[in-house]
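Asks: Chains as they are written, first to last, in this note's numbering: chain A, 4 to 268; chain B, 12 to 971. Questions regarding the structure given below will be posed in turn.
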Amino acid sequence: MGQVRAIVLRAAGINTDLETQYALELAGAKTDRVHINRLIEDKTLLDQYHIAIFPGGFSYGDDVAAGKIMANQVVHHLAEPVRKFIDDGKLVLGICNGFQVLVKAGILPGGNGFRQEAVTITNNDSGRYEDRWVYLEPQTDRCVFIESRRICVPIAHGEGKIVTKDDAALQKLKSEGHVAFKYVDADGNEGPFPVNPNGSIESIAGLTDKTGRVLGLMPHPERYIRRTQHPHWSRLAEDLAPDGITIFNNAVKYVRENLLSPCTA
Amino acid sequence: MRQWRFEVFNRPNLPDVQGESVLADIHELGITSVQVVQSARVFLIEADFDQAFADRVARELLADPICEQYHIGRSGPPAGLAKATLIEVHLKSGVTDPVAESVMAAIKDMGATPAGVRTARKYILLGEIKSSQIETIARKILANDVIEDVVLGDQAEPPSPHLKPYELNLVHWPIRDLDDAGLAALSKERDLFLNLVEMKTIQEYFRRLDREPTDIELESIAQTWSEHCVHKTLKSQVDMTHEGEQIHFDNLLKETVFKATKQLDKPWCISVFSDNAGVVEFDEQSAVCFKVETHNHPSALDPYGGAATGIGGVIRDPMGTGMGARPIANTDIFCFGRPDKKLDEVPKGVLHPRRVMRGVVSGVRDYGNRMGIPTVNGAIYFDDRYMANPLVYCGNVGVMDKTKAFKHQHSGDLIVVVGGRTGRDGIHGATFSSGQMTHEHETIFSHAVQIGNAITEKKTLDVLLQANEAGLYEAITDCGAGGLSSAVGEMGEKFGAEVDLEKVPLKYTGLSYTEIWISEAQERMVIAVKPEKLEAVQKIFASENVEATVIGRFTDDKKLHLRYNGQQVAELDMEFLHDGVPKYSRQASWKNLKLSEPRLAEKDNYNDDLLRLLSSYNITSKEWVIRQYDHEVQGGSVVKPLVGATNDGPSDAAVVQPKFTSTRGVAISCGMNPLYGDIDPYWMALAGIDEAVRNLICVGGRVDRIALLDNFCWARCTDPEVLGSLVRASQACYDGAIAYQAPFISGKDSLNNEFVCEDGSLIRIPPTLLISAMSLVDNIDKCVTMDLKQAGNLLFVVGRTNNELGGSHYYKENGHTGANVPKLDLKLAPQIAGRMASAIADGLVAGCHDCSEGGLAVALAEMAFAGGLGVEAGLRGLPKSKDCSRTDAQLFSESNSRYIVEVTPENFDAFAKRMLNLPFGQIGTVTETPRLVIKDEDGRSVVDAEIDVLKQAWQKTFDW
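Here it is as structure tokens:
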């Protein structure tokens with residue numbers, strides 16, 4: 004032990020694995036990009052990692068629905084190793100398509116085995132793909148990835164609207180602290196499009212599970228780890244710290260403090 | 012085996028995005044009696060599972076448990092009073108259905124093995140509709156005849172997907188005894204698009220061989236010799252008459268565009284005009300390559316599929332350059348008819364420009380986004396002459412190891428096809444795109460359209476990069492136009508090749524050996540593999556579910572041998588195939604047009620003109636398009652297409668950072684102005700080069716590392732005047748490249764962009780030269796954007812404004828063309844660019860925007876509203892020529908080589924010194940007051956408008 008290790012899962016159509024790996028390495032985690040076929044072949048492969056990332060992209064073309072085919076793969080081939088990974092106190096992060104996978108596999112918000120029951124992610128209200136920058140207001144202090152300040156990161160998706168089965172399901176998400184982030188404006192207020200870019204219910208942008216160690220979000224923190232990635236960085240202070248990296252820093256810090264033995268950390 | 016039918020609907024209380032968009036389109040057609048459209052996804056699954064398992068498939072896989080509901084079997088029309096019309100849209104048999112492939116795999120993950128899966132879309136239209144209207148709706152909105160079948164009503168079943176197996180039937184097309192008429196007839200009947208001289212050359216060849224050709228032999232020759240593949244017009248001998256003067260070219264391309272490259276002989280050019288993309292040095296380890304292609308004819312027939320395979324195809328160019336590059340950026344430039352055209356103004360056989368635009372935009376979006384390549388730069392031009400021939404330019408930039416810029420295939424290497432399977436799609440694409448279009452093309456050439464599947468290409472790319480890294484293959488190229496015929500033919504040109512066509516993996520049975528050979532099915536690459544590395548190659552491809560199949564080997568007899576089940580079907584000499592195409596001699600002529608300047612009354616105030624220009628199609632914000640493209644994936648974007656205080660100003664060029672660990676960047680831009688070509692294509696081409704260069708300079712690109720790409724889209728060049736205009740533009744390419752010391756590194760042409768209407772009338776596109784440009788940025792932290800940064804800063808114009816409103820958007824909006832086209836000062840332009848680049852590199856510039864469409868007034872407005880700041884400017888300080896005395900010319904002239912520069916007061920001295928002896932002047936200051944105020948030379952305000960009003964005008968046109 005001593006080294007924080009992260010795995011970025013690849014599959015046909017996953018396309019943000021390189022920059023996600025770089026963000027994790029910048030945060031201090033030794034990171035491998037591994038094709039999901041290797042995990043299916045060797046179910047113990049996950050054991051050597053502390054952080055598992057389901058990155059963004061269009062896994063299997065988002066055929067049928069975004070993230071659906073890969074979620075089906077996870078449920079039918081990887082349910083046990085993933086469950087064990089979480090039970091072992093390790094961290095799972097789903098970004099964009101990865102978030103869609105986690106929700107469609109029932110890993111988020113979780114609670115009833117790996118079965119999608121009350122929450123889904125569907126077509127943006129605009130009916131089209133959107134790439135734009137948004138502000139995120141944290142809604143929980145349980146989730147180990149996030150801190151209490153508002154962050155600015157980009158979204159890029161066509162199916163990002165979070166929907167619950169009914170009002171009771173929504174109330175449950177809120178009362179049980181599953182809401183990780185909401186879309187807000189620069190001042191922290193919720194609002195219609197484009198503040199809420201996809202029409203997500205109650206502006207929800209990300210969810211966490213009951214442990215706070217599994218996070219899924221539609222925006223892309225890995226796309227804001229360097230100042231020049233901000234759309235108007237040329238107007239901003241030169242010592243500006245990029246917001247997206249905080250998610251990865253916090254994950255690595257958590258692993259160091261909780262999963263690695265103190266003498267070697 | 013049972014045929015299961017699943018229908019998946021949205022839950023009634025949730026929005027049906029697809030249905031609503033169809034309804035809006037129906038209303039747009041003027042059919043208002045349709046009240047509601049419900050849409051459903053249909054899955055037809057042939058499998059032997061039971062009802063319980065079918066329920067699981069529906070519940071767990073096909074339908075979303077929260078927002079959808081499903082019906083197993085065929086659902087009837089919904090109850091209620093409104094009349095319901097059921098329409099189903101099925102893919103024609105043989106058309107790639109990626110969703111079906113994914114569903115098949117997912118059901119296997121669930122533990123069953125279906126025999127087949129097909130998907131369809133079902134629409135339920137509520138309201139009274141006449142049957143003629145149903146047909147209109149089906150044809151114009153719901154389905155594309157080229158790839159889809161419409162099934163009406165609730166009883167009709169879709170056509171069976173089963174195809175008959177193919178049995179070898181060797182076909183000869185006798186040619187030796189044909190007379191001229193017979194040769195011409197053979198070429199026409201078989202869609203060979205070969206002219207008489209070419210047919211005679213082929214006839215000679217087979218007379219020498221003393222036998223008749225097989226069909227596949229003639230098809231191979233036709234494809235290899237097609238305009239699309241061999242660029243015979245640009246490489247031909249041309250005799251040009253220009254205002255009585257005679258100019259002779261032995262090879263037009265070599266003596267213009269390519270000559271500049273050769274003459275400049277830049278050491279940083281690694282591979283130019285020889286591989287699938289032009290390769291230049293990036294840093295000590297890496298190189299970058301750039302290629303731009305067009306996909307015009309397919310996009311006219313099937314805008315979505317044509318554009319998708321356009322971007323998919325050009326991505327394969329860098330993937331197939333050298334030993335293969337990693338794609339890092341896409342560009343796209345489109346030319347359409349005006350989207351507000353009335354339906355009855357659209358000629359028969361032509362899709363409405365709005366539909367073309369929507370289709371093209373979504374095609375590029377869906378393919379580019381899925382590939383995970385950011386679309387960082389582009390432009391859209393509108394002119395009704397593009398209505399029947401929309402232009403779709405797609406570009407791709409890739410990065411590679413410098414040591415892997417060349418291929419090393421040898422005799423004995425195996426020919427391995429990797430990626431997608433071969434189907435009947437895209438037959439005759441190369442030859443078809445080399446011909447003229449007519450109102451009947453829609454039906455005749457439906458098979459020429461290729462169907463894309465981005466995920467197949469993405470996973471192929473993923474494995475190829477690993478295989479390249481591991482050194483598992485010797486050479487690579489893409490299967491583009493001409494398919495395997497072209498890829499294997501090119502790779503084996505120096506050696507010879509033999510291919511067993513029955514080994515090629517097929518999407519479905521029934522393809523003849525010829526169809527296999529010339530199919531342009533997408534997502535296929537060919538690699539050359541040493542026999543001892545084959546096992547490793549097969550292992551790595553299998554590990555990520557990508558097919559890699561040996562189909563033959565490279566020989567050393569310099570012949571092309573094709574076999575099917577052991578039977579020889581072709582034997583051609585490589586030399587004849589590749590060098591046998593006859594040289595052409597063509598006539599070109601150009602006469603300077605007799606044009607005059609319009610007489611427009613001078614005005615006291617130009618607010619309205621400015622607002623109209625800002626809203627005009629060519630200038631208006633393209634945010635609606637840009638935001639549909641992922642322009643940030645890969646995390647390398649530095650200057651994005653939209654910049655400024657609220658991330659919505661129009662940036663001049665894109666800058667991307669190809670490597671996370673290096674602050675070096677690549678700047679990418681384009682320049683194009685077809686309006687100038689109506690006056691003189693020579694000055695049009697130079698303006699395009701200047702614009703592309705200015706855009707690079709504005710963001711911080713180096714002036715000494717500019718590489719250019721040319722893409723000529725022209726009408727039929729058998730007409731001497733059309734060819735004359737092409738020659739003029741080519742000459743300008745040479746002059747511009749030499750002036751800027753900027754070599755062309757790659758290029759492509761698409762000729763014959765004209766359309767014969769049903770009544771015989773001809774619609775020709777205007778001569779359209781796209782210049783794409785790329786340069787290096789030494790330090791991305793020093794890049795500059797066009798938005799104004801701070802009140803109190805000073806505004807300069809560098810470069811001279813001339814009395815050059817000819818071809819301007821100001822004239823266009825007023826219904827004129829004019830005569831005074833902007834002329835590039837070949838000596839001054841590079842000086843200005845050089846000084847601007849050095850000022851930006853030294854941090855003397857806070858903001859910089861190039862002056863192009865709409866001139867100074869539009870550029871100032873854009874800078875102001877992008878920065879959320881005002882401007883106080885006066886035309887007295889504007890550097891201008893003596894004859895540029897009119898206020899409208901000063902505001903709207905589109906003279907080249909002009910930059911508007913924002914400088915802090917602290918940097919004033921240093922900046923002024925840097926610009927010494929150049930035409931430059933201070934024209935104003937940046938203000939806190941959010942107004943754009945421009946005063947004329949006498950100090951009277953001629954533009955005075957709130958920046959919000961200007962911005963609104965600029966944004967409203969495509970608020971779709």
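The C-beta atom is built at its ideal place from N, Cα and C for all residues, glycine as well.
When we look at the beta-carbon of B:I455 and count the other beta-carbons within 10 Å, is it buried (16 or more) or exposed?
Replies: Position 444 of the second sequence, counting from 1, holds the residue named residue 455 of chain B. Low local confidence applies: a pLDDT of 49 at B:I455 is under 50, so the model's placement there is unreliable, with the coordinate-based value given in what follows. Burial call: exposed.
Asks: Roughly how many angstroms lie between the CA atoms of B:G323 and A:R13, to the nearest whole one?
Replies: Taking the first residue of the second sequence as 1, we reach residue 323 of chain B at position 312. Taking the first residue of the first sequence as 1, we reach residue 13 of chain A at position 10. Answer to the nearest angstrom: the Cα atoms are 21 Å apart.
Asks: Keeping to the same chain, check which residues put their C-beta closer than 6 Å to that of A:T19; ignore five residues upstream and five downstream.
Replies: Residue mapping note: residue 19 of chain A aligns to position 16 of the first sequence, counting from 1. So the list reads P58, G59 and G60, once near-sequence residues are dropped.
Asks: Along the alpha helix (DSSP H) that carries B:Q963, what are the first and last residues, could you check?
Replies: Here residue 963 of chain B refers to the residue found at position 952 when the second sequence is read from its first residue. I958 to K967 is the span of the alpha helix (DSSP H), which, as asked, contains B:Q963.
Asks: Sorted by chain position, which residues of the same chain lie with C-beta nearer than 8 Å to A:D128's C-beta, five sequence neighbours on each side aside?
Replies: Here the question's residue 128 of chain A lines up with position 125 in the first sequence. Taken in chain order, the residues that qualify are K164, F196, N201 and G202.
Asks: Looking at the strands, I want to know which residues DSSP matches up with B:W15.
Replies: Locating residue 15 of chain B in the second sequence gives position 4, counting from the first residue. Paired residues: B:I56.
Asks: B:A273: which of B:C862, B:I749, B:D760 and B:R846 sits nearest, CA to CA?
Replies: As a working note, residue 273 of chain B is residue 262 in the second sequence. Checking the displayed sequence, the identity of residue 273 of chain B turns out to be Lys instead of Ala. Of B:C862, B:I749, B:D760 and B:R846, the residue nearest in Cα terms is B:I749.
Asks: So, for A:K168: in the same chain, excluding its five sequence neighbours on each side, which residues have a beta-carbon less than 6 Å away from its beta-carbon?
Replies: Against the first sequence, residue 168 of chain A aligns to sequence position 165. Within the same chain, A:K168 has close Cβ partners A121.
Asks: Starting from B:Q578, follow its DSSP beta bridges and name the residues at the other end.
Replies: Taking the first residue of the second sequence as position 1, residue 578 of chain B is located at position 567. Paired residue(s): B:Y575.
Asks: Residues of the region 83-116 of chain B with a CB closer than 9 Å to any CB of chain A: list them in chain order, please.
Replies: So the close ones are P109, V110, A111, E112, S113, V114 and A116.
Asks: Interface residues of chain A around B:M847 at Cβ under 8 Å?
Replies: For this step, residue 847 of chain B is matched to residue 836 along the second sequence. In chain order: nothing, as chain A lies at least about 17 Å away.
Asks: For B:M483, which of B:E178, B:L34, B:A547 and B:V367 has the nearest alpha-carbon?
Replies: Here residue 483 of chain B refers to the residue found at position 472 when the second sequence is read from its first residue. Per the sequence shown, residue 483 of chain B should be read as Leu rather than Met. When only C-alpha atoms are compared, the closest one is B:A547.
Asks: Which residue from B:H253, B:V372 and B:V912 puts its Cα closest to that of B:H600?
Replies: In the second sequence, residue 600 of chain B corresponds to position 589, counting from 1. Checking the displayed sequence, the identity of residue 600 of chain B turns out to be Ser instead of His. It is B:H253 whose Cα lies nearest to the Cα of B:S600.
Asks: Starting from A:Q103, trace the beta strand (DSSP E) both ways and give me its first and last residue.
Replies: To locate residue 103 of chain A, count along the first sequence from 1; it is residue 100. It is not in any beta strand (DSSP E) - A:Q103 instead sits in the alpha helix (DSSP H) that spans N100 to K107.
Asks: Is it buried or exposed for A:Q174, if we count other Cβ within 10 angstroms and need 16 for buried?
Replies: Along the first sequence, one-based indexing puts residue 174 of chain A at 171. The residue in question, A:Q174, is exposed, as its Cβ has fewer than 16 Cβ neighbours within 10 Å.
Asks: Is the separation between the beta-carbon of B:P364 and that of B:G348 shorter than 8 Å?
Replies: Numbered from 1 along the second sequence, position 353 holds the residue referred to as residue 364 of chain B. Numbered from 1 along the second sequence, position 337 holds the residue referred to as residue 348 of chain B. In contact: B:P364 and B:G348 (Cβ atoms closer than 8 Å).
Asks: Please confirm if the region 885-897 of chain B is in contact with the region 792-803 of chain B, defined as three or more CB-CB distances below 8 Å between the two stretches.
Replies: Too few Cβ pairs lie closer than 8 Å, so no.
Asks: Can you confirm whether A:G130, when its beta carbon is compared against all beta carbons of chain B, has any partner nearer than 8 Å?
Replies: On the first sequence, position 127 is the one that residue 130 of chain A refers to. Cβ-Cβ to chain B under 8 Å: yes for A:G130.
Asks: Determine the closest residue to A:Y269 out of B:E957, B:Q645 and B:N618, with distance taken between C-alpha atoms.
Replies: Residue 269 of chain A falls outside the range modelled here, since chain A spans only 4 to 268, and no answer is possible.
Asks: Could you pull out every residue in the same chain whose Cβ sits closer than 7 Å to the Cβ of B:A478, ignoring the five residues on either side in sequence?
Replies: Along the second sequence, one-based indexing puts residue 478 of chain B at 467. Taken in chain order, the residues that qualify are Y484, V548 and I551.
Asks: Check the Cβ of B:R381 against every Cβ in chain A and list those closer than 9 Å, keeping chain order.
Replies: By 1-based counting over the second sequence, the position of residue 381 of chain B is 370. Within chain A, the residues near B:R381 are G16, N18, G60, F61, G64 and D65.
Asks: Ordered along the chain, which non-local residues of its own chain (more than five positions away) have a Cβ less than 6 Å from that of A:V269?
Replies: Residue 269 of chain A falls outside the range modelled here, since chain A spans only 4 to 268, and no answer is possible.
Asks: Which residues in the same chain as B:S783 place their Cβ atom closer than 6 Å to its Cβ, once the five residues preceding and following it in sequence are excluded?
Replies: If you number the second sequence from 1, residue 783 of chain B lands on position 772. Taken in chain order, the residues that qualify are V303, G406, C681 and L720.
Asks: Would you tell me roughly how many angstroms separate the C-alpha atoms of A:F88 and B:G845, rounded to the nearest one?
Replies: Mapped onto the first sequence, residue 88 of chain A falls at position 85. Mapped onto the second sequence, residue 845 of chain B falls at position 834. In a straight line, the C-alpha of A:F88 is about 58 Å away from that of B:G845.
Asks: Beta strand (DSSP E) containing B:M330: first to last residue?
Replies: As a first step, residue 330 of chain B is located in the second sequence; it is residue number 319 there, counting from the start. Here B:M330 belongs to no beta strand (DSSP E); instead the alpha helix (DSSP H) covers P314 to M330.
Asks: Based on the DSSP output, what are the partners of B:Y134 in its beta bridges?
Replies: In the second sequence, residue 134 of chain B corresponds to position 123, counting from 1. The partner list for B:Y134 (beta bridge, DSSP) reads B:S50 and B:I98.
Asks: Please state the DSSP three-state secondary structure of B:N21.
Replies: In the second sequence, the residue the question calls residue 21 of chain B occupies position 10. Correct three-state label for B:N21: strand.
Asks: Anything in chain B within Cβ reach of A:L239, meaning under 7 Å, just list it in chain order.
Replies: What you label residue 239 of chain A is simply residue 236 of the first sequence in a count that begins at 1. Neighbours of A:L239 on chain B: none; closest Cβ ~10 Å, over 7 Å.
Asks: Hey, how far is the Cα of B:K759 from the Cα of B:F723?
Replies: On the second sequence, position 748 is the one that residue 759 of chain B refers to. On the second sequence, position 712 is the one that residue 723 of chain B refers to. Going from the Cα of B:K759 to the Cα of B:F723 covers about 7 Å.
Asks: Confirm the yes/no value for this check: CB of A:L48, any heavy atom of the ligand MN, distance under 7 Å.
Replies: Here there are no bound small molecules, and the ligand MN is not part of this structure.
Asks: Enumerated in chain order, which unbroken segments of the alpha helix (DSSP H) with a length of 4 residues or greater are wholly contained in the region 173-236 of chain B?
Replies: DSSP runs (the alpha helix (DSSP H)) wholly in the region 173-236 of chain B: 191-200, 207-220 and 226-235.
Asks: Excluding five sequence neighbours on each side, which residues of the same chain lie with their C-beta closer than 7 Å to the C-beta of A:G191?
Replies: Mapped onto the first sequence, residue 191 of chain A falls at position 188. Within the same chain, A:G191 has close Cβ partners E140 and R153.
Asks: Report the partner residues of B:T342 according to the DSSP bridge assignment.
Replies: Position 331 of the second sequence, counted from the first residue, corresponds to residue 342 of chain B. Paired residues: B:N388 and B:G406.
Asks: In terms of alpha-carbon separation, which member of B:A612, B:N918, B:N831 and B:V733 lies closest to B:D853?
Replies: Taking the first residue of the second sequence as 1, we reach residue 853 of chain B at position 842. The shortest Cα separation from B:D853 among B:A612, B:N918, B:N831 and B:V733 belongs to B:N918.
Asks: Three or more beta-carbon pairs under 8 Å between the region 30-42 of chain B and the region 67-76 of chain A, yes or no?
Replies: These segments do not touch.
Asks: B:G93 and B:G138: beta carbons closer than 8 Å?
Replies: Here residue 93 of chain B is taken as the residue at index 82 of the second sequence, counted from 1. Here residue 138 of chain B is taken as the residue at index 127 of the second sequence, counted from 1. Correcting the residue type first, residue 93 of chain B is Ala in the shown sequence and not Gly. Result yes, Cβ atoms of B:A93 and B:G138 sit closer than 8 Å.
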